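Residue numbers (my numbering), protein chains in the order written: chain A, 8 to 301; chain B, 226 to 701.
Even glycine gets a Cβ: it sits at the ideal position worked out from N, Cα and C.
All values derive from a computational prediction rather than experimental measurement.
Worksheet: one structure, shown below.
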Amino acid sequence: MAIRITQNAMANGFNTDVQSIYSKLAKSQQQVADGRRITKPSDDPFGTGQVLGFDAQLADTKRYQANTSESISMLDAQDAALDSVTSAMQQIYSKAVQGGSDSNNATDRNAIATEILQLKEVVRQAMNSKHGDTYLFGGTASSTPPFPGPGNAYAGSANTISRRVGDNQSVQVNVAGDTVLGPTPTSTLDVIDQLVTDLQANNGTNVRASLGSIQAQTNMALNVRTQLGATSARLQVTSTRLDLTEERLISARTDVADVDSAEAFMKFSQQQTMYQAALASGTQMLKTSILDFL
Amino acid sequence: MYQSTFMGLNTALRGVLAQQVALDTTGHNISNLSTEGYTRQRAEMTASAPWSNPSAFTQTTPGQIGTGVEVLRIERLRDQFIDQNARGQFGRQADAQATVEQLHQVEAALQEPGDTGLSKLFANFWSSMDAVASNADNDSARQAFANATSALAQGFRQVSTDLGNVAMQSDLRLNQTVTDVNGITQRIAALNTEIHRAIDHSQQPNDLLDERDKLMDDLSKLVNYTSTENAFGEVTITFGSAAPIALVDPTVAPGSTAITRADLDTAFGNGDLTSGRAHADEQLWDPTTGTIPGYIGKLDALVADFVSGVNTAHAAGFDLNGNPGGNIFNPAGTTAATISLDPANNIVTNPRLVAAASSWTGTGEPGNGTNLKTVLDTVRPGGNAALGGQTWDSFYKSTVTTIGADAQTAESTLTNADVLSDMAKSRRDQVSGVSMDEEMSNMLRFQHAYNASARVLTTMDELLDTLINRMGRVGL
Numbered sequence: 008m009a010i011r012i013t014q015n016a017m018a019n020g021f022n023t024d025v026q027s028i029y030s031k032l033a034k035s036q037q038q039v040a041d042g043r044r045i046t047k048p049s050d051d052p053f054g055t056g057q058v059l060g061f062d063a064q065l066a067d068t069k070r071y072q073a074n075t076s077e078s079i080s081m082l083d084a085q086d087a088a089l090d091s092v093t094s095a096m097q098q099i100y101s102k103a104v105q106g107g108s109d110s111n112n113a114t115d116r117n118a119i120a121t122e123i124l125q126l127k128e129v130v131r132q133a134m135n136s137k138h139g140d141t142y143l144f145g146g147t148a149s150s151t152p153p154f155p156g157p158g159n160a161y162a163g164s165a166n167t168i169s170r171r172v173g174d175n176q177s178v179q180v181n182v183a184g185d186t187v188l189g190p191t192p193t194s195t196l197d198v199i200d201q202l203v204t205d206l207q208a209n210n211g212t213n214v215r216a217s218l219g220s221i222q223a224q225t226n227m228a229l230n231v232r233t234q235l236g237a238t239s240a241r242l243q244v245t246s247t248r249l250d251l252t253e254e255r256l257i258s259a260r261t262d263v264a265d266v267d268s269a270e271a272f273m274k275f276s277q278q279q280t281m282y283q284a285a286l287a288s289g290t291q292m293l294k295t296s297i298l299d300f301l
Numbered sequence: 226m227y228q229s230t231f232m233g234l235n236t237a238l239r240g241v242l243a244q245q246v247a248l249d250t251t252g253h254n255i256s257n258l259s260t261e262g263y264t265r266q267r268a269e270m271t272a273s274a275p276w277s278n279p280s281a282f283t284q285t286t287p288g289q290i291g292t293g294v295e296v297l298r299i300e301r302l303r304d305q306f307i308d309q310n311a312r313g314q315f316g317r318q319a320d321a322q323a324t325v326e327q328l329h330q331v332e333a334a335l336q337e338p339g340d341t342g343l344s345k346l347f348a349n350f351w352s353s354m355d356a357v358a359s360n361a362d363n364d365s366a367r368q369a370f371a372n373a374t375s376a377l378a379q380g381f382r383q384v385s386t387d388l389g390n391v392a393m394q395s396d397l398r399l400n401q402t403v404t405d406v407n408g409i410t411q412r413i414a415a416l417n418t419e420i421h422r423a424i425d426h427s428q429q430p431n432d433l434l435d436e437r438d439k440l441m442d443d444l445s446k447l448v449n450y451t452s453t454e455n456a457f458g459e460v461t462i463t464f465g466s467a468a469p470i471a472l473v474d475p476t477v478a479p480g481s482t483a484i485t486r487a488d489l490d491t492a493f494g495n496g497d498l499t500s501g502r503a504h505a506d507e508q509l510w511d512p513t514t515g516t517i518p519g520y521i522g523k524l525d526a527l528v529a530d531f532v533s534g535v536n537t538a539h540a541a542g543f544d545l546n547g548n549p550g551g552n553i554f555n556p557a558g559t560t561a562a563t564i565s566l567d568p569a570n571n572i573v574t575n576p577r578l579v580a581a582a583s584s585w586t587g588t589g590e591p592g593n594g595t596n597l598k599t600v601l602d603t604v605r606p607g608g609n610a611a612l613g614g615q616t617w618d619s620f621y622k623s624t625v626t627t628i629g630a631d632a633q634t635a636e637s638t639l640t641n642a643d644v645l646s647d648m649a650k651s652r653r654d655q656v657s658g659v660s661m662d663e664e665m666s667n668m669l670r671f672q673h674a675y676n677a678s679a680r681v682l683t684t685m686d687e688l689l690d691t692l693i694n695r696m697g698r699v700g701l
């Protein structure tokens, strides 16, 4: 005997089919509308794990980018401060050359000494400059001035500050003040003090002899500037690399988590056609029965 | 000896009456076209006992003479084997359905992947920690880190509460299932009595049987059971095989077979409970082996390791006042439900207590963020023995993946169960369902048969008219 198909079976089958097509249609519609392929872990458990991984890496990368740009601005601030130091030193050098000439008498040398003392304060102030609330050259002792005076001693810390710019990748972003000026009692400030003393003592020979050490102290600051410049350049490269990493992560995340909109829309249209076909054929079929012909 | 003059009248009358019964049955079928659980009925007709010439030796009349038709019984077209199979499928389908519903709620509680899930809170925790490591003397960076830490703890507590609620729903629904099972079995027991009575009176209680079959379908969606039927049409329903429990027993008073929640829990424990909504809920809820308590347990393991790991690393540093670091998290809160900031060292109300510095020499090192930097560089990416060698981040990630995979498996089980249960329903409908086309063509058949029988009756009437009124009138 052939299988008996009843009106109820037909209607139930129709309902089940329409339901199943409709729920697929709803899913495709949601994907077309919000563009997300994974809205809950069961949509793709492995993919969800990947997406969580990408998200964590993205958050880290954003932090590294922030660290990099903050570090670059901190290095720039140090460079600007050291620029005032070196230019003050160069002025001190030319004053010293002037003061070394024996055409000067004691009064002239005293006047030069006073000018040099002013320039020394410029150096000290530059070394005490702040970036935000942080003293730039105090090491980790960042809330107190590294050269508070009245003496020339370095009051900062020898501990360095470094920042993370990648997984297990750090960059030292500070220079301790005594690295720029040298350790007491032979620091730049001490050398300047000695020069001032010699000028006030009207000792031309000693003044001429100190030119070499002034030059040496200036070079020390210049070397630090070169180092900072190199670090800054390296960070620029790092920054570009981080931007690329971010782009790569975003695109990888999109590949896993988001739908290809063209494909999603095509699937949606296909399902819409199926839905309409099911409705059309179903309603045609269900409304006919033997009663129409009796 | 000849047959009675009126015999033809009786034959035609039987025909009229039998077709009438058949038409009534057709009408009953059509009326119940959309009644759930209805089984189509058919008037079984058979030729009535023929009339034999009682003469012992002469063949004055031909053989036996038919006396028409009679309705033997109203048959119910049902296949017990299909029913049994269908009920098995209904049980599995209800099981899968309940599991999927609950696991979807678990997923909703996790809110992954998204901007509000724990993974995002973890990411915020680490990146705001890095901001403090990079700007240790910055109070607002410290405050942001303290807030992110507090949000992470709160996120854990929220997820734990939400998962606990899903487990509790299953727990409560099991109590509801017990009530439902007892309600159904009580009605089945009452129907048993009525069916027995009808069968004692040689009646065929078709509609009562339909009602009982429908109840047994409903029962199969709650728990698995086996049933047998005795000669009086009464069913005995038994649940479980290791420690069988009678759900319906015609030999005892109705209502004395009610089960309790403890019965369900025991049956789940000894493997007697294998399908239906009760099975799904027991599997999800059970505090020792349950799926959802298992997820909470994973989060608890993560929290315990994370709290002690972060606290130890943090305590190795110095805060902004130059004191050795305290705890970030309350060391007593080692579960996802209880993780909180240490009230004795509350970094939210006093962010200077974050121990960012690795040393505190001289006049102090407020710019020292090396302790937190070490946490990020070595503690965070380090494997944890308590978590099977995984890092905190990856352990959480794999927990989410596990939950997703479980839900996905449950979904595909449900899809399968849906198909099988639909197939079982349609197989049952092939046998028991009412087909309108069939009923209508039957109706035409019965109507014509009725008309024809009535015509035979009229013809017999005319014959009698000829016999009585026209004969013996010669000469009148």
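How far does the beta strand (DSSP E) with residue 173(A) in it extend, from its first residue to its last?
Sequence index remark: in the first sequence, residue 173(A) carries index 166 (1-based). Run containing residue 173(A): 169 to 173, per the beta strand (DSSP E) assignment.
Excluding the 5 residues flanking residue 84(A) on each side, which residues of the same chain have their C-beta closer than 8 Å to its C-beta?
Counting from one through the first sequence, the residue named residue 84(A) turns up at place 77. Excluding residues within five positions, the ones whose Cβ falls inside 8 Å are 136, 138 and 143.
C-beta atoms of residue 49(A) and residue 321(B) nearer than 8 Å
Residue mapping note: residue 49(A) aligns to position 42 of the first sequence, counting from 1. Residue mapping note: residue 321(B) aligns to position 96 of the second sequence, counting from 1. Contact flag unset, no.
Taking 8 Å as the cut-off, decide whether the C-beta atoms of residue 251(B) and residue 293(B) are in contact.
The residue labelled residue 251(B) in the question sits at position 26 within the second sequence. The residue labelled residue 293(B) in the question sits at position 68 within the second sequence. For residue 251(B) and residue 293(B), no; Cβs fall outside 8 Å.
Heavy atom of the ligand ZN within 7 Å of residue 522(B) beta-carbon:
Of the ligands one can find in the structure shown there are none, so the ligand ZN has no counterpart to examine.
If you run the structure through DSSP and keep just helix, strand and coil, what is residue 428(B)?
Start at 1 with the first residue of the second sequence, and residue 428(B) comes out as number 203. Note: residue 428(B) maps to coil in three-state DSSP.
Return the Cβ separation of residue 596(B) and residue 542(B) in integer angstroms, given the expectation that the two are a contact with Cβ distance under 8 Å.
Here residue 596(B) corresponds to residue number 371 of the second sequence, with the count starting at 1. Here residue 542(B) corresponds to residue number 317 of the second sequence, with the count starting at 1. Sure, about 3 Å apart at Cβ, within 8 Å.
Assigned exposure category for residue 417(B) - 16 Cβ within 10 Å defines buried:
Along the second sequence, read from residue 1 onward, the residue named residue 417(B) stands at position 192. Buried, because 16 or more other Cβ atoms sit within 10 Å of the Cβ of residue 417(B).
Quick check on residue 549(B): does DSSP put it in helix, strand or coil?
For the purposes of this step, residue 549(B) is identified with residue 324 of the second sequence, where counting begins at 1. Strand, per DSSP.
When we look at the beta-carbon of residue 431(B) and count the other beta-carbons within 10 Å, is it buried (16 or more) or exposed?
By 1-based counting over the second sequence, the position of residue 431(B) is 206. Residue 431(B) should be labelled buried.
Kindly list, in the order they appear in chain A, the residues whose Cβ is closer than 7 Å to that of residue 629(B).
Stepping through the second sequence from its first residue, residue 629(B) is reached at position 404. In chain order: 48, 49, 52 and 55.
Can you tell which of 159(A), 43(A) and 279(A) has the C-alpha that lies nearest to the C-alpha of residue 194(A)?
Counted from its first residue, the first sequence places residue 194(A) at position 187. When only C-alpha atoms are compared, the closest one is 159(A).
Could you pull the DSSP bridge partners for residue 64(A) from this structure?
In the first sequence, counting from the first residue as 1, residue 64(A) sits at position 57. Answer is none; residue 64(A) lacks a bridge partner.
Mind checking whether residue 671(B) and residue 272(B) have CB atoms under 8 Å apart?
Indexing the second sequence from 1 puts residue 671(B) at position 446. Indexing the second sequence from 1 puts residue 272(B) at position 47. Not a contact, by the Cβ cut-off of 8 Å.
Suppose the cutoff is 6 Å on Cβ atoms and the five residues either side in sequence are ignored; what does the same chain contact list for residue 497(B) look like?
Translated into the one-based positions of the second sequence, residue 497(B) becomes position 272. Once the five neighbours on either side are set aside, the close Cβ partners of residue 497(B) are 465 and 467.
Determine the chain B residues that contact residue 31(A) at a beta-carbon separation under 7 Å, and present them in chain order.
For the purposes of this step, residue 31(A) is taken as the residue at position 24 of the first sequence. Those do not exist, as residue 31(A) stays about 12 Å from chain B at its closest Cβ, beyond 7 Å.
Cβ-based neighbour list, residue 229(A), same chain, cut-off 7 Å, excluding 5 preceding and 5 following:
Working through the first sequence from its first residue, we reach residue 229(A) at position 222. If we look at residue 229(A) and ignore the five residues flanking it on each side, its Cβ neighbours are 93.
Could you check whether residue 590(B) and residue 35(A) sit closer than 8 Å to each other, using their CB atoms as the reference points?
Within the first sequence, the letter at position 28 stands for residue 35(A). Within the second sequence, the letter at position 365 stands for residue 590(B). No, the Cβ-Cβ distance between residue 35(A) and residue 590(B) is not below 8 Å.
Check the Cβ of residue 586(B) against every Cβ in chain A and list those closer than 9 Å, keeping chain order.
Taking the second sequence and counting its residues from 1, one reaches residue 586(B) at position 361. Neighbours of residue 586(B) on chain A, chain order: 147, 148, 164, 165 and 166.
Would DSSP call residue 617(B) helix, strand or coil?
Looking up residue 617(B) in the second sequence gives position 392. Note: residue 617(B) maps to helix in three-state DSSP.
Whole angstroms is fine: what's the gap from residue 67(A)'s alpha carbon to residue 246(A)'s?
In the first sequence, the residue the question calls residue 67(A) occupies position 60. In the first sequence, the residue the question calls residue 246(A) occupies position 239. Straight-line Cα distance between these residues: approximately 13 Å.
Taking all protein chains shown into account, decide if residue 507(B) is buried (16 or more other Cβ within 10 angstroms of its Cβ) or exposed.
Looking up residue 507(B) in the second sequence gives position 282. Buried: at least 16 other Cβ atoms inside 10 Å.
Where residue 452(B) meets chain A, residues with beta-carbon distance less than 7 Å:
Here the question's residue 452(B) lines up with position 227 in the second sequence. The premise fails here: residue 452(B) is roughly 25 Å from chain A at the closest Cβ pair, so nothing lies under 7 Å.
Would you be able to state if there are at least three C-beta pairs under 8 Å between the stretch 269 to 280 of chain A and the stretch 86 to 104 of chain A?
no
Can you list, in chain order, the residues of its chain with a C-beta nearer than 6 Å to that of residue 414(B)? Leave out the 5 residues immediately preceding and following it.
Stepping through the second sequence from its first residue, residue 414(B) is reached at position 189. These residues qualify, in order along the chain: 473 and 479.
How big is the Cα-Cα spacing for residue 300(A) and residue 18(A)?
Your numbering for residue 300(A) matches position 293 in the first sequence. Your numbering for residue 18(A) matches position 11 in the first sequence. Approximately 20 Å between the Cα atoms of the pair.
Residue 14(A) by DSSP, collapsed to three states: which one?
The residue given as residue 14(A) occupies position 7 in the first sequence. In the structure shown, residue 14(A) sits in a helix (DSSP, three-state: H, G or I).
Between 439(B), 382(B), 685(B) and 313(B), which lies nearest to residue 558(B) when the distance is taken from Cα to Cα?
Within the second sequence, numbered from 1, the residue matching residue 558(B) stands at position 333. Out of 439(B), 382(B), 685(B) and 313(B), 382(B) has the C-alpha closest to the C-alpha of residue 558(B).
Closer than 8 Å, Cβ to Cβ, to anything on chain B: give me those residues from the stretch 247 to 260 of chain A, in chain order.
none
Is any beta-carbon of chain A found at less than 8 Å from that of residue 665(B)?
As a first step, residue 665(B) is located in the second sequence; it is residue number 440 there, counting from the start. So, interface residue.
Could you tell me the distance, in whole angstroms, from the CA atom of residue 501(B) to the CA atom of residue 402(B)?
As a first step, residue 501(B) must be located in the second sequence, where it is residue number 276. As a first step, residue 402(B) must be located in the second sequence, where it is residue number 177. Cα to Cα, residue 501(B) sits roughly 10 Å from residue 402(B).
Smallest Cα separation from residue 458(B): which of 546(B), 450(B), 433(B) and 481(B)?
As a working mapping, residue 458(B) is identified with position 233 in the second sequence. Ranking the options by Cα distance to residue 458(B), first place goes to 433(B).
To the nearest angstrom, how far is it from the Cα of residue 386(B) to the Cα of residue 453(B)?
Within the second sequence, numbered from 1, the residue matching residue 386(B) stands at position 161. Within the second sequence, numbered from 1, the residue matching residue 453(B) stands at position 228. The straight-line gap from Cα to Cα measures roughly 45 Å.
Of the residues 179(A), 128(A) and 107(A), the one placed nearest residue 238(A), counting alpha carbons only
Along the first sequence, one-based indexing puts residue 238(A) at 231. Ranking 179(A), 128(A) and 107(A) by Cα distance to residue 238(A) puts 179(A) first.
Could you name the residues of the same chain whose beta carbon sits closer than 7 Å to that of residue 392(B), not counting the 5 residues immediately before and after it, in chain order?
The count along the second sequence starts at 1 and reaches residue 392(B) at position 167. So the list reads 509, 510, 515, 517 and 518, once near-sequence residues are dropped.
Length at least 3, wholly inside the stretch 161 to 240 of chain A: the beta strand (DSSP E) runs in chain order
169 to 173 and 176 to 179
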